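For the sequence shown, position 133 (counting from the first letter as 1) is numbered 133 according to this note's numbering, and the numbering increases by one without interruption. In this text, a Cβ means the ideal position worked out from N, Cα and C, and glycines have one as well. Because the structure is a prediction, the values reported are computed rather than measured. Down below is the structure, laid out as structure tokens.
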Amino acid sequence: MPKDSKVIAANAAFYTAFSTGDFAGMERMWADDDAISCIHPGWPAIIGRATVIGSWRDILQNPERPQIVCAEPQVIVDGDSARVLCIEIVDGTALAAANHFRRVGDGWRLVHHQSSPIAQIVEQTHEEPSGQSRRFH
1 MPKDSKVIAA
11 NAAFYTAFST
21 GDFAGMERMW
31 ADDDAISCIH
41 PGWPAIIGRA
51 TVIGSWRDIL
61 QNPERPQIVC
71 AEPQVIVDGD
81 SARVLCIEIV
91 DGTALAAANH
101 FRRVGDGWRL
111 VHHQSSPIAQ
121 IVEQTHEEPS
131 GQSRRFH
């Protein structure tokens, strides 16, 4: 079994709990300590288990919670830490997401989730006094 298969399974379980509104499942996904954090799109950083879990309770209990699908997951495993970088499709809008996991026993638990809109790429140039243009990023 590839070393990242359990991370992929944990990430899939996170999105299943999210998409089905399974608060108990979501709560089980997170590490059992205060060293966890979350940044929901448009929200400030949230730190600590009670606050993070409370934010998920509010989101999942909302009857108008968004529909979400995880696409293009890429896994990085580094010892007892792992990251999944992916695209979230939320009500048809693409967001960039990072899910950070810690190995706990023989499984993986979330310690950080962050999701934000993907900006439209616009190439900007600036004309130098010499007449040459310079690209900005």
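To the nearest angstrom, how far is the alpha carbon of S55 from that of F18?
Within the sequence shown, numbered from 1, the residue matching residue 55 stands at position 55. Within the sequence shown, numbered from 1, the residue matching residue 18 stands at position 18. Each residue's alpha carbon lies about 12 Å from the other.
Under DSSP, the beta strand (DSSP E) around E88 begins and ends at which residues?
Along the sequence shown, read from residue 1 onward, the residue named residue 88 stands at position 88. Its beta strand (DSSP E) spans residues 81–90.
Rounded to a whole number of angstroms, what is the C-alpha to C-alpha distance between P66 and L60?
Sequence index remark: in the sequence shown, residue 66 carries index 66 (1-based). Sequence index remark: in the sequence shown, residue 60 carries index 60 (1-based). So the alpha carbons of these two residues sit roughly 9 Å apart.
What's the C-alpha gap between F101 and H112?
Taking the first residue of the sequence shown as 1, we reach residue 101 at position 101. Taking the first residue of the sequence shown as 1, we reach residue 112 at position 112. F101 and H112: Cα-Cα distance of roughly 7 Å.
Since A96 contacts I118 with CB under 8 Å, what's their CB separation in whole angstroms?
What you label residue 96 is simply residue 96 of the sequence shown in a count that begins at 1. What you label residue 118 is simply residue 118 of the sequence shown in a count that begins at 1. A96 to I118, Cβ: 5 Å. Contact.
Look up Q138 in the DSSP assignment and say whether it is helix, strand or coil.
Given a span of 1 to 137 for the chain in the structure shown, any question on residue 138 remains unanswerable.
Between the C-alpha atoms of M29 and F14, what's the straight-line distance to the nearest angstrom?
Your numbering for residue 29 matches position 29 in the sequence shown. Your numbering for residue 14 matches position 14 in the sequence shown. If I take the Cα positions, the gap works out to 6 Å.
Excluding the five sequence neighbours on either side, which residues of its own chain have a C-beta within less than 7 Å of the C-beta of K6, listed in chain order?
Taking the sequence shown and counting its residues from 1, one reaches residue 6 at position 6. Only G107, W108 meet the Cβ criterion.
Here's the rule I'm using: 16 or more other beta-carbon atoms within 10 Å means buried, otherwise exposed. How should I138 be labelled?
Because the chain here runs from 1 to 137, residue 138 falls outside it and cannot be looked at.
Over the uninterrupted alpha helix (DSSP H) stretch that includes W56, give me the two end residues.
Reading the sequence shown from its first residue, position 56 is the one you call residue 56. Where W56 is concerned, the enclosing alpha helix (DSSP H) stretches over 49–61.
Candidates T51, W43, A45: which alpha carbon is nearest E27's?
Looking up residue 27 in the sequence shown gives position 27. If we check each option's Cα against that of E27, T51 comes out closest.
Here's the rule: buried if 16 or more other CB atoms are within 10 angstroms of the residue's CB, otherwise exposed. What is A10?
Numbered from 1 along the sequence shown, position 10 holds the residue referred to as residue 10. A10 comes out buried.
Output the boundary residues of the beta strand (DSSP E) element that contains G107.
For the purposes of this step, residue 107 is identified with residue 107 of the sequence shown, where counting begins at 1. Start and end: 107–117.
Give me, in chain order, the residues of the same chain whose beta-carbon lies closer than 8 Å to that of A45; leave out the 5 immediate sequence neighbours on both sides.
Within the sequence shown, the letter at position 45 stands for residue 45. Contacts found: S37, C38, I39.
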